[in-house]
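Below is one structure, written out as structure tokens, with a few remarks after it.
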Amino acid sequence: HVNNCVFECVKLAIDVGYRHFDGALMYYNEHEVGQAIREKITDGTVRREDIFYCGKLWSTFHPPELVRLALERTLKTLQLDYVDLYIIELPMAFKPGDEFFPKDKNGKCIYHETDLCATWEALEACKDAGLTKSLGVSNFNQRQLELILNKSGLKHRPVSNQVECHPYFTQPKLLEFCRQNDIVVVGYSPLGTSRDASWVNLKCPPLLEDEVLVSIGKKYNKSPAQVALRFNIQRGVVVIPKSFNPQRITKNFQIFDFSLTDDEMKLMEGLNKNIRFVELLMWSDHPEYPFHDDY
Ligand code: A2P
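With the UniProt record's numbering, letter number 101 in the sequence shown gets 101, and the count goes up by one each step, no holes.
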């Protein structure tokens with residue numbers, strides 16, 4: 001059911017006007033996403049070059065010799081010739097193998113030696129081979145970005161860093177660093193996540209119930225979700241809202257017909273709590289765990 005839902009939701013999203021799709025091998029739905037994109041190309045709604053598909057290298061494929069195989073697997077599943085952006089999903093490598101979450105006898109994740117520069121060079125080769133148009137990273141902190149940017153013989157720069165970003169976690173320092181280095185910030189969980197206790201830090205209150213978002217929304221006849229999304233795009237942060245609901249998919253795209261005043265933007269910047277919804281604490285003892293610093 002979920003899979004058919006993904007297929008229908010992606011087709012609807014394209015009809016509504018979405019062009020950027022944030023995918024991953026790890027989401028186990030690239031087959032359906034690819035099928036939906038191809039169907040909308042076949043029926044003439046869009047051309048391939050109108051679509052922007054982001055794929056992600058999962059943590060069990062960091063060794064350079066596995067990178068291209070992982071991307072080729074994604075392309076084969078999507079049945080597309082290239083992705084528009086290929087990013088390292090996490091700066092933490094796990095033991096390579098068939099298991100996406102390799103675990104020891106005690107259920108603890110088995111880590112792997114992490115060499116982000118070596119992984120990056122393998123990504124560069126994928127771009128040179130035409131399998132992806134550009135390269136980026138995700139969940140990288142400033143130190144990890146600098147590791148790539150300062151790599152000797154760097155051939156292709158990371159164009160984006162996908163990190164958690166919304167009014168309760170506004171990322172002022174990382175945003176400034178990325179701005180200075182021409183790195184686009186793509187904000188995940190822009191609506192404050194699904195609040196699924198299995199992976200979400202519920203100490204952070206529900207974003208969409210925030211009184212400031214509600215009251216600004218009333219002024220423009222917009223929902224708190226639309227205000228939260230508008231806030232990010234207006235400060236140059238790309239948003240990737242997730243929804244499986246047709247009404248909300250449609251509404252989440254209706255954010256280009258109003259704008260927030262400077263005072264409203266400042267007010268919303270002030271909502272920052274410096275608390276992450278997505279802490280990834282189960283991997284906090286990994287040598288490359290990115291979130292020990294607050295940026
Ligand atoms: P649903 O799929 O039922 O719409 P995020 O993008 O921050 O990860 O948030 C995703 C969560 O937010 C999902 O649980 C999704 O549920 C919900 N959601 C998506 N759009 C809206 C909206 N416009 N208003 C309220 N909740 C939303």
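Every residue, glycine too, gets a C-beta built ideally from N, C-alpha and C.
Just curious, the alpha helix (DSSP H) that residue 266 is in, first and last residue? Going by DSSP, residue 266 is part of the alpha helix (DSSP H) stretching over 262-269.
When you compare the segment 272-280 with the segment 28-41, are there three or more beta-carbon pairs, one atom per stretch, that lie closer than 8 Å? As far as the Cβ criterion goes, the segment 272-280 does not touch the segment 28-41, which means the pair count is below three.
Run through the DSSP bridge pairs and tell me what residue 109 is partnered with. Note: residue 109 sits in a beta bridge opposite 103.
Residue(s) in a DSSP beta bridge with residue 6: Beta-bridge pairing links residue 6 to no other residue.
Check whether the Cβ of residue 166 lies closer than 8 Å to any heavy atom of the ligand A2P, and answer yes or no. Because some heavy atom of the ligand A2P lies under 8 Å away, the Cβ of residue 166 counts as near it: yes.
Which residues does DSSP pair with residue 57 in a beta bridge? Paired residues: 88.
Among the candidates 257, 90 and 153, whose CA atom is the shortest distance from the CA of residue 220? Distances from the CA of residue 220 to each of 257, 90 and 153 were compared; the closest alpha carbon is that of 257.
Within 10 angstroms of its Cβ, does residue 223 collect 16 or more other Cβ (buried), or is it exposed? Classification of residue 223: buried, given that the 10 Å Cβ count is 16 or more.
Pick from 168, 13, 260 and 26: whose alpha carbon is nearest that of residue 187? Measuring from the Cα of residue 187, the nearest candidate turns out to be 168.
Determine the direct distance from the alpha carbon of residue 53 to that of residue 72, and round the result to whole angstroms. For residue 72 and residue 53, the gap between their C-alpha atoms comes out near 14 Å.
For the putative contact between residue 192 and residue 207, defined by C-beta atoms under 8 Å, what is the C-beta separation to the nearest angstrom? The Cβ separation is near 3 Å, so the contact holds.
So residue 226 and residue 254 are supposed to be a Cβ contact under 8 Å. How far apart are they, rounded? Going by Cβ atoms, the distance from residue 226 to residue 254 rounds to 6 Å, so yes, they are a contact pair.
Taking the continuous alpha helix (DSSP H) assigned at residue 124, which residues delimit it? Note, residue 124: alpha helix (DSSP H), 116-128.
Per DSSP, which one or two residues make a beta bridge with residue 289? DSSP output for residue 289 lists no bridge partner at all.
For residue 129, which option in 76, 105 and 68 has the closest C-alpha, if you only look at C-alpha atoms? That would be 68, whose Cα lies nearest to the Cα of residue 129.
Based on DSSP bridge pairs, tell me the residues matched to residue 20. Looking at the DSSP assignment, residue 20 forms a beta bridge with 52.
Among residues of its own chain, excluding the 5 on either side of residue 47, which ones have a beta-carbon nearer than 7 Å to its beta-carbon? Counting only Cβ-Cβ distances below 7 Å, and skipping sequence neighbours, we find 41.
Measuring alpha carbon to alpha carbon, tell me which residue in 177, 158, 159 and 185 is nearest residue 165. Selected option, being the one with the closest Cα: 185.
So does residue 225 have its beta carbon nearer than 8 Å to some heavy atom of the ligand A2P? The answer is yes for residue 225.
Do residue 160 and residue 134 come within 9 Å of each other at the CB atom, strictly closer than that value? It is a contact, given that the beta carbons lie within the stated cut-off.
Any chance the CB of residue 251 is under 8 Å from a heavy atom of the ligand A2P? Checking every heavy atom of the ligand A2P against the Cβ of residue 251, one is found closer than 8 Å.
In terms of residues, what are the limits of the beta strand (DSSP E) holding residue 187? Where residue 187 is concerned, the enclosing beta strand (DSSP E) stretches over 184-188.
State the Cα-Cα distance for the pair residue 74 and residue 215, rounded to the nearest angstrom. If you take the alpha carbons of residue 74 and residue 215, they lie about 43 Å apart.
Use the C-beta contact count for residue 1: other C-beta atoms within 10 angstroms, 16 or more gives buried, fewer gives exposed. Summary for residue 1: the model assigns pLDDT 48, below 50, so the residue's position carries little reliability; its value from the coordinates is reported in the next sentence. Burial is judged here by how many other beta carbons sit within 10 angstroms of a residue's own beta carbon; residue 1 has fewer than 16 and is exposed.
Is it the case that the CB of residue 188 approaches a heavy atom of the ligand A2P more closely than 8 Å? Because some heavy atom of the ligand A2P lies under 8 Å away, the Cβ of residue 188 counts as near it: yes.
CA-CA distance, residue 158 and residue 242? Going from the Cα of residue 158 to the Cα of residue 242 covers about 24 Å.
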